[in-house]
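The structure appears below as structure tokens.
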Amino acid sequence: MHGQHHQHHHHDHTHAPSIFEQSLDELDFERSLHGASSRGDIDRVRWLLNRNALVNARDSSGLAALHYAARAGSIEVVEALLLAGADANTTSSELGCTPLHKAASGGKNSFNIAQILLKHGADPYSLETDGRTPLHVACDTRGSESDELVQLLLKAAPDAINRKDQKGRLPNLEPNS
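For what it's worth, the UniProt record's numbering labels the leading residue of the sequence shown as 1, then goes sequentially.
Now the structure itself:
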């Protein structure tokens, strides 16, 4: 008799992710190296790296922490990740973009970040899946630092000016034309 109340029925909980679980994913992101990198939170990044966070791990969007740091414009975080062994040529799984492509799209400190990435071996001829080089991206974006960025990328990859993307477009060095 006394054995019966120990029989708990376990049901398989195969259900769509709840709002709660999605917010847990967001919380995980906030706490992760990717989240800290996207915020430019250098203290959190260093803390995680000291605890052997996987510096080249990709998140569910297929991006590495270095992509986020480059996009966020955090020079300190970009340098810390590279010193910890981040791959300057890591590509996002979907679009094939590198951290240099992110920097080339002209956010905050984009020129300095592109310089640092190039110094750490980022390939200025790297291609996104649509065939765009970082030079294409810099020419297409025309952010506040684009002119300097374009010059930097031309110096690093002189022949990128002759590279066509999948639509057959050369980098557009003449804005507004």
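C-beta atoms are modelled at their ideal positions from N, C-alpha and C, and glycine is treated no differently.
Coil, strand or helix - Ala65 by DSSP: helix
Rounded to whole angstroms, what is the Cα-Cα separation between Ala53 and His67? 16 Å
Rounded C-alpha distance that separates residue 192 from Ser110: Absent from the model: residue 192. The displayed extent of the chain is 1 to 177, so no value can be given.
Measuring only the C-alpha atoms, how far is Ser92 from Gly62? 5 Å
For Glu94, count neighbouring C-beta atoms within 10 Å of its own C-beta (all shown protein chains included) and say buried if the count is 16 or more, exposed if not. exposed
For the alpha helix (DSSP H) that Arg46 lies in, which residues bound it at each end? 42 to 50
On the DSSP bridge list, what partners appear for Arg58? Ala64
Could you give the DSSP three-state label for Arg39: helix, strand or coil? helix
Applying the criterion that 16 or more other CB atoms from any shown protein chain within 10 Å of the CB defines a buried residue, is Leu173 buried or exposed? exposed
Sequence-distant residues of the same chain with beta carbon closer than 7 Å to Gly85, five excluded per side: Val55
With DSSP as the reference, label Gly107 as helix, strand or coil. coil
Keeping to the same chain, check which residues put their C-beta closer than 7 Å to that of Thr129; ignore five residues upstream and five downstream. Leu95, Gly96
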